[in-house]
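Just so we're aligned, residue 1 is where the sequence shown starts under the numbering used here, counting upward by one. Inspection log for the structure reproduced underneath, given as structure tokens.
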Amino acid sequence: MFPQAISDFGRGARLEKNRINALLMSSGMLLSKKTMDNDYDQTLFGTFTKPYDTLASTRPIVIIDEPHKFKVENKAYKALIERIKPQCVIRFGATFPENSTTGKKDYNNLIFNLGSCEAFNDNLVKGVATQMIAQESLNETKIKLMDTIARPKSCVFRNEKTGSSHTLLVGESLSVIDEEFHGISVESIGKFEDEGIAKGVELSNGQVIAKGDQIYAGIYGSTYQNLMMQKAIKNHIEQERENFFRERKIKTLSLFFIDSVASYRGEESEGKLRLEFQELLMSALEDEINDYNNSENPIYQEYVEYLNASISDISNTNGGYFAEDNSKADEDIQKEVDQILRDKQSLLSFKDDNGNWNTRRFIFSKWTLREGWDNPNVFQIAKLRSSGSEISKLQEVGRGLRLPVDEFGNRVSDEQFYLTYLHDYSEQGFAEDLRNEINSEVTATSSSIKALLPKVAKDRGMEENELFGRLLIGGFVDVEGNINQEKQDDFFVQYPEFRVGVEQGKVIDKTKNQSGTVSIRKERFIEIKELWNKINSKYYLSLDQISDDELFNATLDILNSNIFGQIIATTIEQRLTSRDGSMVIEEGQNDYFVIEEVIPYNEFLTRVQKATSLPIQIFHNALCEYSKEKTIKKSFFNKETLSKFIIAFQDWFEKAFNKRFSYKALNIDAKETALTDLNGEPKETIVQGTVGVIKDDYATVPDKFLYDKVVYDSPKEKESIERSNIDEVVVFGKIPRKSIQVPLYFGGTTSPDFMYVLKKDDELMLNFIVETKGIKKDSSLREEEKLRIQSAKKFFETLAENGINVSFEKQLQSDDIITMIKNVVSRDK
């Protein structure tokens, strides 16, 4: 019988106008000649008897998800192009395959690219912190796949410790090489197109290895897995505690990848691995309860209640999803699967609809979750088995990279979070590999400074030759502009603008003691605590009233400024001509034409209102008044006119309200802040990236600095930190990014950079806030930046009026921090 879904899709595409029809299809279905190329007795539209032909007749637009599974050289892609003949193919995904000819990513007609580097640096995803159990005694024996043999189908492994070779057939166990491989056998031998491995071996645990790959025996043993589970539970509890002790709690999840379904599910009851995990978890939870059980703090009491609920039903704290589950009728298993795959809201909630604690937060899987599933609140991925290709590893990390949501479902995007990636010894270089892969997307990993020199020189207020000369004399570059690799680290510390790639602290290796954090010096925080609490007080932005007449007149003035615009398209002509004995291509504009994309009047009014908040009636009245003097044609209402009006109105708004806004205190004290917990106590550490993307491990930390490391975002900030250790300063520190967000009357927020507590005559304490700008003079400030600074100044003037002795100043490249500090102190005499 002709496939019903394809029949419905074909009919819908042909008969239903003003409606989009969609058909979901896998590569397996696409390649199924039995289904797709079969000549059915039925005829569709009196013409088509084959599904291939039916789909081709619709001239579909095809969207490909997971494009690395549809490489252009694969059969599925070729069938798509040759048999379906789509009018457009859109490939959408996080991982693109490499072109087998060029070795580069296969970005054909790239329309939009949010690269990994940009996503990490702009805090659109979590950072990654890798960890490894470095138990050397368990990592001694490793075997290497030397060859695969077609007849008889077999593979050859070599024990790298003894040098002995072993030939195994399909179904034979690797335990003949080492007992630690007990339960692991050869599943299949051959080509693995989907794994990015041309030829290799698939093991019974799902791992695919290519010729030349090495695997360690110890990581498959029970001792190693036990150690990894202990570490994973410890990591989870530490993160869970931190996320629970928030003003708005975040449910913390951990994802485990294992190599055996039977070890988790078991035959008739829970498997050995699950029971072992629950035993370890219960012990760890009991220890955690003992630390907080006697506290009278209501937050701690609620935390203990949550942990006790976990212990009372320990099996409910974890759940699994495996491909085999689809064929099982067990209700408890199906409940687990439904919650993990389909009821994401339940998984993210602390309590169910009846007010009972929802304690499931540990997810176990094998291979099924590689694509199509992720959860924003996964804070740890623990790999109790090795994966196959590099693409597979990156996708597993991707399961937990999204930014988390709090208990109310709000995305938390103003902090730096980390996904802990706990792996075995076979992936010991993962952090560096991931960092290199991210950086490979940007051209700046080149060893030459030439491309960036003009911009860096301009930002520093210098001539290019002057900057290049300094770099040359300093030994950082050669005469060709190539970076001296021996001085590269020092170069990037002194000239961080030349470092383009993933920022420091975004991908860290905890095994190498890279924490990605800085510590708050508690004795210094005590001295700045009062200022910190004051600037964290809640204020709201108040705009003065404006009359309808003023809005009407402003709108009419904008309309009279000739905002009518047209969308012009040009045609470019290229000609192949002969010049000086050789053929060259000359290019020039050949013609242009006007694109008339008229927007319906009601939609035009609605778009203006959404973009400007200008009432529709006022805009309509102004248009009516304008039409008395000038004829408004239908073509007036287009995207270009709309854009020009919105820009002009926003410009008017910024000028009109420059002196017509104020800040009002809400009399609400902040509970948790960027530097303190819910109890108002200073945090032990904060994420480095919130106070500075660059850390100088070799710089001496000033005694009066708030943090234990010199961290900064620009050379000017570093200079200010080094020069602020003077007598007038009691304590100073970088203000964590986005922690003090001053609301702007024209939209958005602004955040200052430094906070100081100053002293005068050893008695009077003064508070000083600084916003650093990386330009040389006032005239170089963009108009928007000037408005931001004016708004921040007004905000801190409001704090001063409310009894807080605080001053605010901007700092340009030419402003010395010592002079600024002394001016503030002398001004208060």
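Where is the CB? At the ideal position from N, CA and C, for every residue including glycine.
query	result
Cross-strand partners of residue 319 (DSSP beta bridge)	363
Inter-residue spacing [alpha-carbon to alpha-carbon] between residue 22 and residue 187	37 Å
Distance between beta carbons of residue 128 and residue 434, contact taken as under 8 Å	6 Å
Which of helix, strand or coil DSSP assigns to residue 6	helix
Euclidean distance between Cα positions of residue 204 and residue 359	32 Å
Buried or exposed by the 16-neighbour rule on C-beta atoms within 10 Å, applied to residue 220	buried
Where the alpha helix (DSSP H) containing residue 782 begins and where it ends	Segment: none, residue 782 is in no alpha helix (DSSP H) and carries neither H nor E.
Three-state secondary structure (DSSP) of residue 288	helix
Between the CA atoms of residue 507 and residue 725 - distance to the nearest angstrom	32 Å
Own chain residues within Cβ distance below 7 Å of residue 258, not counting five before or after	264, 273, 364, 366, 384, 385
Simplified DSSP assignment, three categories, for residue 417	coil
Completely contained beta strand (DSSP E) runs for the stretch 81 to 161, where each covers 3 or more residues	88 to 92, 127 to 132, 142 to 149, 154 to 159
Nearest neighbour of residue 161, chosen from 152, 168, 178 [CA to CA]	178
Distance CB(residue 495)-CB(residue 715) smaller than 9 Å	yes
Per-residue DSSP class, three states only, for residue 435	helix
Proximal residues to residue 443 (C-beta, below 6 Å), its chain only, five neighbours per side dropped	Interpretation of residue 443 is limited by its pLDDT of 49, a score under 50 that renders its predicted location unreliable; the figure taken from the coordinates is listed afterwards. Answer for residue 443: no residue qualifies.
In chain order, each alpha helix (DSSP H) run of at least 4 residues that lies wholly inside the stretch 609 to 645	616 to 627
Strand pairing of residue 695, partner residues [DSSP]	711
Buried versus exposed call for residue 424 [16 or more other C-beta atoms within 10 Å across all chains shown]	buried
Alpha-carbon spacing of residue 119 relative to residue 125, whole angstroms	6 Å
For residue 173: DSSP bridge partner residues	185
Selection from 802, 810, 610, 630 that minimises the alpha carbon distance to residue 781	810
For residue 202, the three-state DSSP class (helix, strand or coil)	strand
CB of residue 130 within 9 Å of CB of residue 374, strictly	no
Reduced DSSP category for residue 460 - H, G, I as helix; E, B as strand; rest coil	coil
Nearest candidate by alpha-carbon position, reference residue 687, set 704, 669, 708	708
Distance CB(residue 310)-CB(residue 270) smaller than 9 Å	no
C-alpha distance - residue 476 paired with residue 457, whole-angstrom precision	16 Å
Nearest-angstrom Cα separation, counted from residue 777 out to residue 814	7 Å
Inter-stretch contact at 8 Å, needing at least 3 Cβ pairs: the stretch 607 to 623 / the stretch 551 to 571	yes
Candidates 664, 73, 735: closest to residue 674 by CA position	735
C-alpha distance - residue 92 paired with residue 479, whole-angstrom precision	43 Å
Buried or exposed (CB count within 10 angstroms, at least 16 for buried), residue 502	buried
Own chain, CB closer than 7 Å to residue 252, minus 5 neighbours either side, in chain order	236, 239, 240, 243, 361, 377, 379
Alpha helix (DSSP H) segments (min. 4 residues) lying fully within the stretch 495 to 571	522 to 535, 548 to 559
Cβ separation of residue 211 and residue 145, assumed to be a contact under 8 Å, to the nearest whole Å	6 Å
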